[in-house]
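Structure, as structure tokens:
Numbering (this note's numbering), first residue to last: 7 to 128.
Encoded structure:
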């Protein structure tokens, strides 16, 4: 999103009986490494656990997503592009580390039973 005036923007998601809202982030908030405290595709009710990455930069970013006990996932994210990764079913551990050769924005999106939650990397 771009604007000639100052704006407040957010993404709102209604999924079944849950509601989640995330404030928009600016390119200046992009970082070379981000963390999530936990990853779970093993517990009952876990329908999805995805790590999303956006590259606001002008060149490609080489991104590695890792969690203890699982093989790290490496991907290339082009300028202005977004991608996501998931670890195999049965993976449960933490923390999740997202490291990149260029500043990126990262989010974790989780579906648990009939709910949806999203959080940005810290």
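Every residue gets a Cβ at the ideal spot worked out from N, C-alpha and C, and that includes glycine. Just so you know, these numbers come straight off a predicted model, no measurement behind them.
Of the residues assessed, residue 13 falls on the exposed side of the cut-off, its CB having fewer than 16 other CB atoms within 10 angstroms.
Here DSSP, grouped into helix, strand and coil, assigns residue 67 to strand. According to the DSSP assignment, residue 18 belongs to the beta strand (DSSP E) that extends over 16-21.
Counting only runs of 3+ residues, the beta strand (DSSP E) found wholly inside the region 34-87 occupies 37-42, 52-60, 67-72 and 79-83, in chain order.
The criterion of a C-beta distance shorter than 9 Å is satisfied by residue 43 and residue 101.
In terms of Cβ geometry, residue 65 and residue 33 do not form a close pair [threshold 9 Å].
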